[in-house]
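Be aware that the sequence shown starts at 430, since it is given in our numbering, and climbs by one per residue.
Below is one structure; the comments refer to it alone.
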Amino acid sequence: MRLLLILLLTINLLQAKKVALVIGNSDYRQGFLPNPTKDADLIAQSLESVGFSVTLEKNLKTAYDMEKVINRFARTLKKDDIAVVYYAGHGVQCKGKNYLMPTTANVVKGAQLKSKAVDLDFLVGGVSEIKLAIVMLDACRNNPFPSCGRTKRRGLVQPTVESEGGMIISFATAPNEIALDGNGDHSPYALALTEFMGQAMPIETYFRRVGGKVFSSSEQRPMLKNSFYGNFSFAKGGVVPPPPPTSKWITPTDGVCKANGGKIDKTRVCKANWENAKKICRASGGKLPSR
């Protein structure tokens, strides 16, 4: 039954629509960032190269603009779709919540974030009812916005993942740490995401390699929250087939055979009906496949 469920999930993923929303905010009134829009271009190109239909948005000015774009994207999603959302720009935390910053946000107190920025939960909620949603956040960059409360923590806080479908959230760095904008034209995280996207591998392996690459080049540690239990790869059609089931030949002892309703014939072979055969197999450490 488990194999059947995995195969059904694999078939559904093969038939799913692959779509992406990519957002890069650079032109901040407070704390200009040179790379997010360039990172957004790079990620959009990489996703298109592996078969995603991409919506690219840059320098969204207000929380309303960002929410409108997210809602427009969310309305297009169907149950069996695969969606990627990539955000590059400023992000801050306040009282256990993460906020993504539009470019004209005028914030001097943490309490103003609710009305001037976009709660990460708003974004995650928009993609939470599909087969697989992958959210990539290059949003922990050193920022000029006010800290919230007395802790004055940097970066973003570790999120909770609540999804009716499969959900993967990847952060460019660990909780309460700052992600680099990059010394060149792109952030270390964006470069790592694109480097491995065209290679066929399970999604867990993909993010593990991304994390290793980012750490080796910058010493920041990407964080992953995963509630997806299917098989997906960005390259080669989007699916890594499940491994074939293993099997072995089991020879039950005479005692096990007889104790579970079997009979030993003249050739010393244990014979039993289907139900008793299942009992004998279990007692011998094996399991029969479904009929």
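A virtual CB, placed ideally from N, CA and C, is assigned to each residue, including glycine.
Residue i vs residue j beta-carbon contact at 8 angstroms
{"i": "A603", "j": "R637", "result": "no"}
{"i": "P531", "j": "D494", "result": "yes"}
{"i": "V536", "j": "L552", "result": "no"}
{"i": "H615", "j": "K467", "result": "yes"}
{"i": "S662", "j": "M630", "result": "yes"}
{"i": "Y658", "j": "G594", "result": "no"}
{"i": "S445", "j": "D548", "result": "Checking the sequence, you will find Ala at residue 445 rather than Ser. No."}
{"i": "V514", "j": "L471", "result": "no"}
{"i": "V483", "j": "G627", "result": "no"}
{"i": "K508", "j": "F481", "result": "no"}
{"i": "S713", "j": "P681", "result": "yes"}
{"i": "L529", "j": "A546", "result": "yes"}
{"i": "A469", "j": "L485", "result": "yes"}
{"i": "G555", "j": "N500", "result": "yes"}
{"i": "I498", "j": "L489", "result": "Sequence inspection shows Val at residue 498; the Ile mentioned does not correspond to that position. In contact: V498 and L489 (Cβ atoms closer than 8 angstroms)."}
{"i": "A512", "j": "A562", "result": "yes"}
{"i": "A701", "j": "I709", "result": "yes"}
{"i": "P465", "j": "S475", "result": "no"}
{"i": "I632", "j": "I597", "result": "yes"}
Identified DSSP bridge partners for residue i
{"i": "N464", "result": "For N464, which the question treats as bridged, DSSP gives no partner whatsoever."}
{"i": "K700", "result": "K692"}
{"i": "K654", "result": "I598"}
Enclosing beta strand (DSSP E) for residue i [first to last residue]
{"i": "T484", "result": "482 to 487"}
{"i": "F661", "result": "No beta strand (DSSP E) contains F661, which DSSP labels as neither H nor E."}
{"i": "A562", "result": "561 to 567"}
{"i": "S599", "result": "595 to 600"}
Bounding residues of the alpha helix (DSSP H) (the contiguous stretch that carries residue i)
{"i": "G453", "result": "Run containing G453: none in the alpha helix (DSSP H); it sits in the beta strand (DSSP E), 447 to 453."}
{"i": "K642", "result": "632 to 647"}
{"i": "E624", "result": "617 to 626"}
- Message: Pairs of beta-carbons, one from the segment 639 to 659 and one from the segment 620 to 627, closer than 8 angstroms: are there three or more?
- Response: Yes, the segment 639 to 659 is in contact with the segment 620 to 627.
- Return the chain-ordered ranges of every beta strand (DSSP E) run that is complete within the segment 505 to 549 and spans a minimum of 3 residues. For the segment 505 to 549, whole beta strand (DSSP E) runs of length 3 or above, ordered along the chain, are 511 to 517, 520 to 523, 526 to 529.
- Message: For the structure I just gave you, are there three or more beta carbon pairs, one from the segment 652 to 660 and one from the segment 687 to 695, closer than 8 angstroms?
- Response: In short, these stretches do not touch, since the Cβ pair count stays below three.
- Query: Touch check for the segment 446 to 461 and the segment 507 to 525: three-plus C-beta pairs under 8 angstroms?
  - Reply: Between the segment 446 to 461 and the segment 507 to 525 there are three or more inter-stretch CB-CB distances shorter than 8 angstroms, so the stretches are counted as touching.
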